[in-house]
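Data first, discussion second: the structure below is written as structure tokens.
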Amino acid sequence: MFNFLSNNLLNKYNKIIIKINQFYIKIRDYSDKDLKKQTEKLKFSLKEQKYNTYAILPEAFATAKTAIQRATGITLFDVQLLGGIILHHNNITEMKTGEGKTFVAILTAYLNSLLKKGVHIITVNDYLATRDSDMAKQIFYYLNIEIGLVIQKTNYSKRKIEYNCDITYITNSELGFDYLRDNMALNQSDIVQTNFYYAIIDEVDSILIDEARTPLIISGSTKVENKLYQKAQKISELLIHKEHYDIDEKAKNIVLTEQGILYSEKFLNIQNLYNINSPWIKYILNALKAKELFLKNRDYILKNKQVIIVDEFTGRTMEGRRWSDGLHQAIEAKENIQIEAENKTLASITYQNLFLIYQRLCGMTGTAKTEENEFLKIYKLPVLEIPTNKKCIRKDLPDLVYKSEYNKWEAIASECFDMYQIGRPTLIGTTNVEKSELLSKMLNKLNIPHNLLNAKPENIARESEIIMEAGRKYAITISTNMAGRGTDIILGGNPDKLAKNTLINFVKNNYHSNLKDKKDNINSILNNININYLYNTINNNKIDEEINKILIHIPNDDKYSIEKNNIYNIYKKLVKEYNKVCRNERKDIVNLGGLYVIGTERHESRRIDNQLRGRSGRQGDKGTSRFFLSLQDYLFRIFGGKTIENLMTTLNIENNIPIESIVLSRSLNSAQKKVESYFYDIRKQLFEYDEVINNQRQAIYTERKKILRSTFTRDCIIEYGEQTINEILNQYNNNNNNKEKILKQIIKLLNINITLNISELSTMNLKEIKFFLYEQLRISYDLKESYLEQLKPGLIRQLEKYYLLQQIDQAWQEHIEKMNLLKEYIGWRSYAQQDPLIEYKNEAFNLFINMVTYIRQTVIYLIMRSRLIINIEN
1 MFNFLSNNLL
11 NKYNKIIIKI
21 NQFYIKIRDY
31 SDKDLKKQTE
41 KLKFSLKEQK
51 YNTYAILPEA
61 FATAKTAIQR
71 ATGITLFDVQ
81 LLGGIILHHN
91 NITEMKTGEG
101 KTFVAILTAY
111 LNSLLKKGVH
121 IITVNDYLAT
131 RDSDMAKQIF
141 YYLNIEIGLV
151 IQKTNYSKRK
161 IEYNCDITYI
171 TNSELGFDYL
181 RDNMALNQSD
191 IVQTNFYYAI
201 IDEVDSILID
211 EARTPLIISG
221 STKVENKLYQ
231 KAQKISELLI
241 HKEHYDIDEK
251 AKNIVLTEQG
261 ILYSEKFLNI
271 QNLYNINSPW
281 IKYILNALKA
291 KELFLKNRDY
301 ILKNKQVIIV
311 DEFTGRTMEG
321 RRWSDGLHQA
331 IEAKENIQIE
341 AENKTLASIT
351 YQNLFLIYQR
361 LCGMTGTAKT
371 EENEFLKIYK
381 LPVLEIPTNK
391 KCIRKDLPDL
401 VYKSEYNKWE
411 AIASECFDMY
421 QIGRPTLIGT
431 TNVEKSELLS
441 KMLNKLNIPH
451 NLLNAKPENI
461 ARESEIIMEA
471 GRKYAITIST
481 NMAGRGTDII
491 LGGNPDKLAK
501 NTLINFVKNN
511 YHSNLKDKKD
521 NINSILNNIN
531 INYLYNTINN
541 NKIDEEINKI
551 LIHIPNDDKY
561 SIEKNNIYNI
571 YKKLVKEYNK
581 VCRNERKDIV
591 NLGGLYVIGT
601 ERHESRRIDN
611 QLRGRSGRQG
621 DKGTSRFFLS
631 LQDYLFRIFG
641 GKTIENLMTT
651 LNIENNIPIE
661 SIVLSRSLNS
671 AQKKVESYFY
681 DIRKQLFEYD
691 EVINNQRQAI
701 YTERKKILRS
711 TFTRDCIIEY
721 GEQTINEILN
731 QYNNNNNNKE
741 KILKQIIKLL
751 NINITLNISE
761 LSTMNLKEIK
771 FFLYEQLRIS
781 YDLKESYLEQ
791 LKPGLIRQLE
801 KYYLLQQIDQ
811 AWQEHIEKMN
821 LLKEYIGWRS
831 YAQQDPLIEY
841 KNEAFNLFIN
851 MVTYIRQTVI
861 YLIMRSRLII
871 NIEN
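Going letter by letter, the sequence shown gives residues 1 to 874 in UniProt numbering.
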């Protein structure tokens, strides 16, 4: 429904939208050749307007709108143009599911790509990045704009090319890891990223809110402590909850009781479990966390004898990601599989500080309004709600609350049975793999056909097919969290996708045996075809090129020539037939009330619940949503309090009878707000603490880049030497007892050969000593340089760069470890009435100064006393 603010927004930008549509009427009649010329014309206009993108926005948007129509057959709505304008003004655009956010990003990306500074469109997973970039390539073919793609499997050698494209589609994790890898590079040529100028973040709440609780970390392996993990696992099995340890589910933490400490000490035959030299406490607590807080088929799955993390927000697996600080190893010990080496942090950054590097930032999602304060405070991004193209008429029914979880699942299964009987499509959202499989078993017992979509590999492989079928008559679909699925559920089904799927199966079944020796996989080729593009450009000359992408791997024998000639006709007939079927099904489903969405548990965040609800009622469709809950649900147990349970006991309500009331709704909303506030505090604290290390990170990375780009690093070495002299002479000036000892220390460190006696040197004043040592440093270095240059020209420069980068990286990694330890214990300072954050800043500053001093002194020591000369002579 259009709200007051949304209408104001529409009115505010109405003149610009009218201008865009006026340009569109003119540009849509251009030939393909003339449309391609628009890009150069707009670049020239931009130059004339002194690179003011707002001046050319209407014509640029109209050009992109034409290309979208030509490539996909879709004409953008005014609300989509409004979404693009809002994005360009550096805001977060909230657009409901099914409103076409993907096209909105293309409008803004095209306009900003004209500046030739690079545009990054960031998505939550490889599937969405690949899908969106494939579509963008077909659209931007008409505009001479290069599209890049960076996903997990993108070759490192190709990444530089992809980043150099006008617009690059990339996942948030790959962006972060490439940034960290670039700042660990030993050669300028190894750096793949270019400018951090303009970013459009898809599913912005998922990336900047949900994933912002944990930093991105690049790790290196250390020694495996198998015996420690295995013994800790045995202890955890013997320790009893509430007797030996307490669980804090809110903070996901475990605390040993006094009995638990004594029991562990007795088992391990040690005096003090908390002795600083004893490693055991960390291993025992991790083993208990693995036992109680990290559960199989909820937090992780087992695949090929490996523990694979399941993303709690999207329900997807996160292959290649591992929990840090020994937790992942503790889970491997629990599951009795091979324990991999523990990780050592080599580089890390939070998503907050990663995205704040961009000069310009914007984002889009269906659910951001509940977190608008956080977006504004941390990222300076206002959230603006865009009205839906058609009024939303979905009915969100009151929650039903049961006393026990058993009765809740019984009621859900019964509801699914009723919906299947009448043929109404139903989507059931569950919070984890375990619950989704429980409901699946219940539906199997009731003989209800259904599809299951969760983190298990066999289900992920069928994801697009399952979602494609979810809006059809009699479809019952069980899914873990629906965030970032990237596919709309269309009532009656999507005729284009159904036809495409049938065509794929047809080609595979008829020609698969002939493709065994072919390099490319027929399925991946067919999946990359934009069938909608084919269907809407039948009269276009390029249709043959697109058809050939389907047919290229079908053998050329005479036997198959008829199929080759007729396959597109088969496709056209399929689309025609599916159009009839889907149209009729849609009418029946609308009469039944549209898609019915069932939530099985309230999530910690209201946004995730809204994402699930938003799958129903797209583009003015009818729909219904309802949550079935129990008093044993996580949210009630941890944050809900006893109010509701006492109410149900007082009213003496039977177990199988649910209640719905205003008191309930208020309590639930209050519980969710508490959770959101709790996690906001965690993210805010992480951001505040990381801001301290971020300033240090930027200083170190700037220094590294300066060294990498420099062709003459001698100046850097001399500068390090002079600063080292200054730092040690400060001690000399403040120390009256050991002045000669300090002078000897400088001379030894710098490896200076001087004929002057130390006692004579100490008779000079401080200024004279300083300039004397400066001079001796340069003389000694000149001699070393000339000698090495004779052995091998350019060797000294290589040696300088190697020592500089090696020592910076090594010292920075050790500094990160110290900072992590500091963050862990600094909280105890609050008991002494000290602000932990201020104390952390002070301690961090001292650690940083010490690290920088250590880097300079070590580099000077190594380069002045390098034994590489001896090796060369040998």
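Every residue, glycine too, gets a C-beta built ideally from N, C-alpha and C.
Notebook entry, point to check: Three-state secondary structure (DSSP) at R28?
Noted result: coil
Check: Taking the C-alpha atoms as reference points, what is the distance between Y110 and K12?
Finding: 23 Å
Notebook entry, point to check: On the three-state DSSP scale, how would you describe D488?
Noted result: coil
Notebook entry, point to check: Does the count of Cβ pairs from the region 152–172 and the region 118–127 closer than 8 Å reach three?
Noted result: yes
Check: Looking at C-alpha atoms only, which residue of I337, S278 and I608 is the closest neighbour of D205?
Finding: I608
Item checked: For T370, three-class secondary structure by DSSP -> helix
Notebook entry, point to check: Quick one: is V401 buried, meaning 16 or more other Cβ sit within 10 Å of its Cβ, or exposed?
Noted result: buried
Margin query: Can you check which of these residues, S780, I284, K96 and L438, is closest to L268 by C-alpha distance?
Written below: I284
Check: By DSSP, does V383 sit in helix, in strand, or in coil?
Finding: strand
Next item on the list: Just the C-alpha distance for E585 and G492, rounded to the nearest angstrom, thanks.
Entry: 5 Å
Check: Any chance the region 352–364 sits against the region 84–94, with 3 or more Cβ pairs inside 8 Å?
Finding: yes
Check: Can you tell me the Cα-Cα spacing of I200 and Q22, whole angstroms?
Finding: 26 Å
Item checked: Paired residues, beta bridge with L630 - DSSP -> According to the sequence provided, residue 630 is Ser. The question's Leu does not apply to it. Y402, per the DSSP bridge assignment.
Next item on the list: Could you check how far apart the C-beta atoms of A330 and Y229 are, in whole angstroms? I think they sit under 8 Å.
Entry: 6 Å
Notebook entry, point to check: In terms of alpha-carbon separation, which member of L216, E372, S31 and T257 lies closest to W323?
Noted result: L216
Margin query: Based on DSSP bridge pairs, tell me the residues matched to D202.
Written below: M364
Note to self: Using a Cβ-Cβ cutoff of less than 7 Å, which residues in the same chain neighbour I816 once the five nearest sequence positions on both sides are dropped?
What the structure shows: T345 and S348
Margin query: Output needed for G827: all residues of its chain with C-beta closer than 6 Å, excluding positions within five of it in sequence on either side, in chain order.
Written below: P836
Next item on the list: Would you please state the rounded distance, in angstroms, between the beta carbons of P658 and A411? I believe it to be under 8 Å.
Entry: 7 Å
Next item on the list: Find out if the Cβ-Cβ distance for the pair G617, R394 is shorter than 8 Å.
Entry: yes
Check: Helix, strand or coil for V104 per DSSP?
Finding: helix
Next item on the list: Put E585 into one of helix, strand or coil per three-state DSSP.
Entry: helix
Checklist line | Beta-carbon proximity check, E356 vs Y379, cutoff 8 Å | finding: The residue you asked about is not Glu; residue 356 is Leu in the sequence shown. Cβ atoms of L356 and Y379: closer than 8 Å.
Item checked: Beta-bridge pairing of H241 - partner residues as DSSP gives them -> Y245
Check: With 16 other CB atoms within 10 Å as the buried threshold, where does E775 fall?
Finding: exposed
Checklist line | Host beta strand (DSSP E) of V150 (start-end) | finding: I147 to V150
Check: Where R829 and F771 are concerned, what is the direct C-alpha to C-alpha distance, given to the nearest angstrom?
Finding: 45 Å
Notebook entry, point to check: In terms of alpha-carbon separation, which member of L668, T63, G614 and T194 lies closest to I428?
Noted result: G614
Check: Going by beta carbon distance, what residues of the same chain come within less than 6 Å of residue 896, once the five residues before and after it are set aside?
Finding: No statement about residue 896 is possible, as the shown extent of the chain runs from 1 to 874 and does not include it.
Checklist line | Cβ-based burial, K748 [other Cβ within 10 Å; buried from 16] | finding: exposed
Check: Between the Cα of D633 and the Cα atoms of D715, Q259, T108 and H603, which residue gives the shortest distance?
Finding: H603
Notebook entry, point to check: Where D299 and Y802 are concerned, what is the direct C-alpha to C-alpha distance, given to the nearest angstrom?
Noted result: 43 Å
Item checked: Status (buried if at least 16 other CB within 10 Å, exposed otherwise) for T126 -> The sequence given here has Asp at residue 126, not Thr. So D126 counts as buried.
Check: Expressed to the nearest angstrom, what Euclidean distance is found between the alpha-carbon atoms of M184 and I218?
Finding: 10 Å
Margin query: Please return the same chain residues whose Cβ sits closer than 6 Å to the Cβ of R856, not counting the five positions on each side in sequence.
Written below: Y720, Q723 and T724
Check: Using the C-alpha atoms, what's the distance from E59 back to Y578?
Finding: 38 Å
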